[in-house]
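Numbering (this note's numbering), first residue to last: 41 to 141.
In structure tokens form, the structure reads like this:
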């Protein structure tokens, strides 16, 4: 699976929130708070474990123009370096030995 096929999700202990004082979206994590601009918040909201990087770029292009795919990849890489997001595990396929019950 290429880099654009990775499905990201928030790491354990990390969640997307809202700072009412600053009226901005924030990424809350054990070490602190990361303030997000509108585009960053949109990217993080799509880190749902189901949407791959190509899908994130495609969805953002409906609202923001132009969306530069490399900027999205770089932002995701920085979040991953800080361990704020992690690759979602692919759901296991049900084999015949697992049956339906």
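The C-beta atom is built at its ideal place from N, Cα and C for all residues, glycine as well.
- Task: Decide if residue 67 is buried, meaning its Cβ has at least 16 other Cβ atoms within 10 Å, or exposed.
- Result: Here residue 67 refers to the residue found at position 27 of the chain shown. Classification for residue 67: buried.
Handout entry: Status (buried if at least 16 other CB within 10 Å, exposed otherwise) for residue 73
Key = Numbered from 1 along the chain shown, position 33 holds the residue referred to as residue 73. Residue 73 comes out exposed.
| request: Quickly, what does DSSP pair residue 126 with across the bridge? List them, please. | output: On the chain shown, residue 126 is found 86 positions in, with the first residue counted as 1. According to DSSP, residue 126 bridges with 49.
Which partner residues does residue 66 have in the DSSP bridge list? In the chain shown, counting from the first residue as 1, residue 66 sits at position 26. Paired residue(s): 57, 75.
Over the uninterrupted alpha helix (DSSP H) stretch that includes residue 92, give me the two end residues.
To locate residue 92, count along the chain shown from 1; it is residue 52. First-last for residue 92: 88-92, but that is the beta strand (DSSP E), not the alpha helix (DSSP H).
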